[in-house]
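S.K.: Residue numbers (the working numbering), protein chains in the order written: chain B, 9 to 157; chain R, 9 to 157.
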DNA sequence: CAGTATCCTACGTGATACTG
DNA sequence: CAGTATCACGTAGGATACTG
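As structure tokens, this is what we get:
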């Protein structure tokens, strides 16, 4: 019995997890957002070579990262536009962890707007006119793609 | 060789993944946000009983969900406040999946503000004065908790 | 209905050696 | 430096039977 795939589920969360939900993958993406580009540098996070190879291959296949040759022997891995759009996912996870598993010495990573140097707003759902919404202020409606038949 | 734990890493993402990064866990949370409360209903997502049991136990241990007895034999699982605060994570993943793995028939799930019935704004980072920020407009700074020593 | 308990096995992981 | 290849191992996952 193989592991069940999430890919067939008609659900954005399930299908997304099928791509980025594997062990180590989100840590690789975290590193990429921090500027890591090279194979040996990604390795520092702690996974073994074969795992990194396989994860990077998947990310490239999914067009989340792009592999660019540098000089014939080396390559760099860069986030594509599709990959960059995962930033809210990483930011949301980071904020939750900051809140619930804080380092006693204080916050570990601060996200600031480059232009102003000011910290960004906490990740949250917002109304279309910019009010932060609490979880219980949001309802879920089925859209046209909600059925498979 | 056991699987390496992420828990010791001084990183909010790694520590959060240690809790909610296991297979099936985010799908259980997705169901919970949609109103699922009962063991047998969570099962419908497709995992087997022993896995669901173990995942729910972890979520309760981490105070992400709360197990409440109903009538001596049945129980319900409800998201705690800590669990509800994972909503931005789920929303971000959903939005990304909606964009990059769309169902050809249209969007599957629409999140609306209860009060107005209007769709919420797309998940994004925002500046502290409410402007949506693109990934490359954000910089990362080390905070006081960034070092372990 | 809500679990608990077993059993089996494929797969993911980790380590390491090796290559260009 | 950037992988590829191989191997051994544990365990996560799945199926299912059983209990209160």
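Glycine is no exception: its CB is placed at the ideal position from the N, C-alpha and C atoms. Given the structure is predicted, the values throughout are model-derived calculations rather than measurements.
Any beta-carbon of chain R closer than 9 Å to the one on residue 57 of chain B?
M.R.: No - not a single Cβ of chain R is within 9 Å of the one on residue 57 of chain B.
S.K.: Measure from the alpha carbon of residue 142 of chain B to the alpha carbon of each residue in R/123, R/82, R/105 and R/83, then state which is nearest.
M.R.: That would be R/123, whose Cα lies nearest to the Cα of residue 142 of chain B.
S.K.: Quick one: complete alpha helix (DSSP H) runs, 4+ long, within the stretch 78–142 of chain B?
M.R.: Those alpha helix (DSSP H) runs which fall completely within the stretch 78–142 of chain B and span 4+ residues are 89–92 and 95–108.
S.K.: Within 9 Å (strictly less), CB to CB, does residue 153 of chain R reach chain B?
M.R.: Yes, residue 153 of chain R counts as interfacial toward chain B.
S.K.: Keeping to the same chain, check which residues put their C-beta closer than 8 Å to that of residue 23 of chain B; ignore five residues upstream and five downstream.
M.R.: Taken in chain order, the residues that qualify are 14, 15 and 17.
S.K.: Tell me the rounded alpha-carbon separation between residue 91 of chain R and residue 73 of chain R.
M.R.: Approximately 6 Å, taken between the alpha carbons.
S.K.: Are any of the Cβ atoms in chain B nearer than 9 Å to that of residue 10 of chain R?
M.R.: Not one chain B Cβ lies under 9 Å of residue 10 of chain R.
S.K.: Buried or exposed: residue 148 of chain R, going by 16 or more other Cβ atoms within 10 Å of its Cβ?
M.R.: Per the 10 Å Cβ criterion, exposed.
S.K.: Less than 9 Å between the beta carbons of residue 88 of chain R and residue 71 of chain R, yes or no?
M.R.: Yes. Within cutoff.
S.K.: Counting along the chain, where does the beta strand (DSSP E) carrying residue 148 of chain R start and finish?
M.R.: Looking at the DSSP string, the run of the beta strand (DSSP E) that includes residue 148 of chain R is 146–150.
S.K.: Given residue 140 of chain B, which residues of its chain have a CB within under 7 Å of its CB, disregarding the five upstream and five downstream residues?
M.R.: Within the same chain, residue 140 of chain B has close Cβ partners 132 and 134.
S.K.: Could you check if residue 125 of chain R is buried or exposed, using at least 16 other CB atoms within 10 Å of its CB as the buried criterion?
M.R.: Result: exposed.
S.K.: Hey, does residue 145 of chain R have any beta-carbon neighbour from chain B nearer than 9 Å?
M.R.: Yes, its Cβ sits closer than 9 Å to a Cβ of chain B.
S.K.: Name the chain B residues whose beta carbon is nearer than 8 Å to that of residue 93 of chain R?
M.R.: By Cβ distance, chain B contributes 104, 107, 108 and 143.
S.K.: Starting from residue 40 of chain R and walking both ways along the alpha helix (DSSP H), at which residues does that stretch end?
M.R.: Segment 33–41, the alpha helix (DSSP H) holding residue 40 of chain R.
S.K.: Exposed or buried, residue 46 of chain B, counting other C-beta atoms within 10 Å across all chains shown (16 or more means buried)?
M.R.: Per the 10 Å Cβ criterion, exposed.
S.K.: Going along chain R, which residues have a C-beta under 8 Å from residue 96 of chain B?
M.R.: Correct list: 96, 100, 103, 104, 131, 132 and 133.
S.K.: What separation, rounded to the nearest whole angstrom, lies between the Cα atoms of residue 155 of chain B and residue 113 of chain R?
M.R.: Looking at the two C-alpha atoms, the distance is approximately 9 Å.
S.K.: Any beta-carbon of chain B closer than 9 Å to the one on residue 23 of chain R?
M.R.: Yes, residue 23 of chain R counts as interfacial toward chain B.
S.K.: Count the other CB atoms, across all protein chains shown, that sit within 10 Å of the CB of residue 21 of chain B; report buried if there are 16 or more and exposed otherwise.
M.R.: It counts as buried.
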